[in-house]
Structure formats: C-alpha cells, structure tokens
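Working notes, beginning with the structure itself.
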Amino acid sequence: MRPAMLLVLSAALGFFSGPGAAKDETRLLGYEAIPSAQLALDLDGADYAQRAELTDAVHTALVADVIRATGLDPATATTELTPGGYLLRTNASLQTEIFADEAQAARLAAALGYVLRQWSVLVTALAEEGGDTGYVVVNFPEDVLTPALAQSFFEAAVAEDAGLGGGYTAFGDAMIFLNMRDADGAPYSGLDDIAFAARLGLAAGRFPGADLGVAGAGLAYARFVANDWDASPEGEDYAALLADPELMAALDALRRRHDALVVEKATGFGWR
Numbered sequence: 583m584r585p586a587m588l589l590v591l592s593a594a595l596g597f598f599s600g601p602g603a604a605k606d607e608t609r610l611l612g613y614e615a616i617p618s619a620q621l622a623l624d625l626d627g628a629d630y631a632q633r634a635e636l637t638d639a640v641h642t643a644l645v646a647d648v649i650r651a652t653g654l655d656p657a658t659a660t661t662e663l664t665p666g667g668y669l670l671r672t673n674a675s676l677q678t679e680i681f682a683d684e685a686q687a688a689r690l691a692a693a694l695g696y697v698l699r700q701w702s703v704l705v706t707a708l709a710e711e712g713g714d715t716g717y718v719v720v721n722f723p724e725d726v727l728t729p730a731l732a733q734s735f736f737e738a739a740v741a742e743d744a745g746l747g748g749g750y751t752a753f754g755d756a757m758i759f760l761n762m763r764d765a766d767g768a769p770y771s772g773l774d775d776i777a778f779a780a781r782l783g784l785a786a787g788r789f790p791g792a793d794l795g796v797a798g799a800g801l802a803y804a805r806f807v808a809n810d811w812d813a814s815p816e817g818e819d820y821a822a823l824l825a826d827p828e829l830m831a832a833l834d835a836l837r838r839r840h841d842a843l844v845v846e847k848a849t850g851f852g853w854r
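This is the structure in structure tokens:
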C-alpha cells in the first residue's frame, strides 16, 4: 500500500487487549497481500471476493513464515482478514496483532512489505502513552457490518468532508479511522484531530444505512514503514532497515513463493 493508505487502527473493540496493550508491547500491523509494485496485474475488474480469496491464501501460506524469519514467534501473533478502504475503494487487508516492541514491529513490517511488495505497512498501538495520531472508532449494530456497508459509510464520510477519504479499516462491528500525519506532522486529512472526530460523528449521525455511533476517540501511536518502489525498485528501503543479509535471502525465497501464488490466482481471476 502507498503511504496514507488505510490510515486505520483495528486495535479497538477486542482486537487489542485493552489499556495495557502498548505497555505489554502488543502492536498491530496493517497491510495488503496484493502486490503494489512490479507484478503486472489488471485489477480494474477485480471484485472484493477475489481480492479476499487471494489475501486469505497469502495469509495461510506465508504470513507465519515471514514472522518466523524475523525471529519472532508466530504463536504470539493473530492475523485476520478485514475490509480496508483507500481513496473510496474497499479492499481486503490483513491485520496482524503481535507481541513485539517498537523495533521488532518495524522489522516485521519491513519484512512483510518486502515479501508482499507493499509501498508501506502501518504499525499502530492504540494505548501507547504519548501517541500523537488522532483516531476515531465508529460502531455499527452487531453483525451488520459488511464490506459493502463499510464502503457505503466510507462514501458518506467523504460526502461530509473530503478529508475523511484517506482510508479506514473495518473490524468486527467497527470502522476505525486514523488522522495520519505527513513527515512534517501535518494531517493528510487537512483536519485537526477534534475536527476529524467531529466530522466523523456527523457522518455517523446522518448515515441512513444503520444506527451508528462514535464508540471512542483519542490519540494512538501510528507509523508507516515504507519503501519507495520507484526510487528503490528492489525494496532497498526495507532492506536497509533490516540490515541482515541472511534474513534478506530468506525473504527473497518467501517473495518468490508470494509471486508464484499471486500469478496462479491472478491467472485464474483473469487479472493477467
């Protein structure tokens, strides 16, 4: 995913373990499994079900091996497939919750980004003390939130304010929005955190598709780990962060497996 993609946090409402999560070094990584660079795919006609099928296959085949390659224990991680939105489109994404400190989480994010050829992986912690990124959780009635309904609310939020169109993730009965910053600390949304939350509250209150409410808002830790595939076509930004030739050899093997799986699925879907 490119920087500013997702802009989300799935940590709320049961995925993180609550107020002690950051203290216990539990962090969340958000990313996609469909490559953003190098593999030529025609995704114009790709539907959500196809994207979800490929994403689930990548999760099953590769995610635990990437975690293991970085020296972390896959048994301490939980990965789930969830809808995620970017620039008014809802795609399948993966959210990995793992017991790791900031440096370990950044290394895992770089490894995932490298293997899956992603522009960035988002690392978040909802309960991090000193967090500087505003977040808002919009709650839906139990068991009604689908990818289609999430997309509908995403469009309603953008109709309320274009600054809410950066992205979201849906998890359980909630959609979570992060007011991500650029390198200078300015929100991509063009809204300060209070205005960001207020606009989402208005969108929730006016949404005709379900009875919604803002379940929570505050400040979170949120950082992108990224590679500029135009300037670094071999994933050099990720490799520099990892700085481990033996690990890179293992990740190269995993990337070849990912490429083969993507080509197989994409051919069947008519994406190639």
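Those letters in the sequence shown? Residues 583 to 854, by my numbering. The beta-carbon is built from N, C-alpha and C at its ideal position, and this holds for glycine as well. These numbers come from a predicted model, not from an experiment.
Mind checking residue i: buried by the 16 CB within 10 Å criterion, or exposed?
{"i": "A692", "result": "buried"}
{"i": "I649", "result": "buried"}
{"i": "A730", "result": "exposed"}
{"i": "T849", "result": "exposed"}
{"i": "T608", "result": "buried"}
{"i": "R699", "result": "buried"}
{"i": "T642", "result": "exposed"}
{"i": "D819", "result": "buried"}
{"i": "V807", "result": "buried"}
{"i": "R671", "result": "exposed"}
{"i": "P769", "result": "buried"}
{"i": "D834", "result": "exposed"}
{"i": "A685", "result": "exposed"}
{"i": "R788", "result": "exposed"}
{"i": "A813", "result": "exposed"}
{"i": "A825", "result": "exposed"}
{"i": "G596", "result": "The predicted model places G596 with a pLDDT of 35, which falls under 50 and marks its position as unreliable; any figure quoted below should be read in that light. Its Cβ having fewer than 16 others within 10 Å, G596 is exposed."}
{"i": "R837", "result": "buried"}
{"i": "A799", "result": "buried"}
{"i": "K847", "result": "buried"}
{"i": "G767", "result": "exposed"}
{"i": "E828", "result": "exposed"}
{"i": "G712", "result": "exposed"}
Going by alpha carbons, who is nearest to residue i out of the options?
{"i": "V845", "options": "L610, L621, R609", "result": "L621"}
{"i": "M757", "options": "A744, G783, I776, A777", "result": "G783"}
{"i": "W853", "options": "R763, Q632, R781, A813", "result": "Q632"}
{"i": "V697", "options": "E679, Y803, L794, A619", "result": "A619"}
{"i": "A744", "options": "V705, S771, A628, E679", "result": "S771"}
{"i": "R839", "options": "D629, A813, L625, A639", "result": "A639"}
{"i": "D714", "options": "E737, R609, G695, M762", "result": "M762"}
{"i": "S675", "options": "D766, L824, T661", "result": "T661"}
{"i": "A832", "options": "L644, I776, P656, G712", "result": "L644"}
{"i": "A780", "options": "P790, A765, F759, A634", "result": "F759"}
{"i": "R805", "options": "L727, K847, R689, F778", "result": "R689"}
{"i": "A777", "options": "L625, E737, Y717", "result": "Y717"}
{"i": "E816", "options": "W701, D624, T637", "result": "W701"}
{"i": "A682", "options": "P656, L746, P790", "result": "P656"}
{"i": "N673", "options": "A634, L654, T706", "result": "A634"}
{"i": "L823", "options": "A765, G695, G748", "result": "G695"}
{"i": "G754", "options": "L636, L727, N809", "result": "L727"}
{"i": "P790", "options": "D764, G748, E737, Y750", "result": "E737"}
For residue i, write down the residues that DSSP places opposite it in a beta bridge.
{"i": "Y668", "result": "R671, G749"}
{"i": "Q677", "result": "G612, E662"}
{"i": "F858", "result": "Nothing in the structure corresponds to residue 858, since the chain is present only between 583 and 854."}
{"i": "R763", "result": "P769"}
{"i": "G800", "result": "Y717"}
{"i": "I758", "result": "V719, T751"}
{"i": "G795", "result": "N721"}
If residue i sits next to residue j, beta carbons under 8 Å apart, how far is it from one beta carbon to the other, in whole angstroms?
{"i": "A785", "j": "A739", "result": "4 Å"}
{"i": "T652", "j": "I680", "result": "That pair is no contact at about 10 Å."}
{"i": "L708", "j": "A802", "result": "5 Å"}
{"i": "A628", "j": "F851", "result": "7 Å"}
{"i": "A842", "j": "M830", "result": "Their Cβ separation, rounded to whole angstroms, is 19 Å, which puts A842 and M830 out of contact at 8 Å."}
{"i": "L610", "j": "Q677", "result": "6 Å"}
Mind the definition here: the segment 607-620 touches the segment 663-683 only if three or more C-beta pairs lie below 8 Å; say whether that holds. Remark: three or more beta-carbon pairs, one from each stretch, lie closer than 8 Å, so the segment 607-620 and the segment 663-683 are flagged as touching.
Are at least three pairs of beta-carbons, each pair with one atom in the segment 719-739 and one in the segment 636-652, less than 8 Å apart? Counting Cβ pairs under 8 Å, fewer than three are found: no touch.
Three Cβ pairs or more, each shorter than 8 Å: is that satisfied between the segment 793-808 and the segment 709-723? Note that the segment 793-808 touches the segment 709-723; at least 3 beta-carbon pairs, one per stretch, sit closer than 8 Å.
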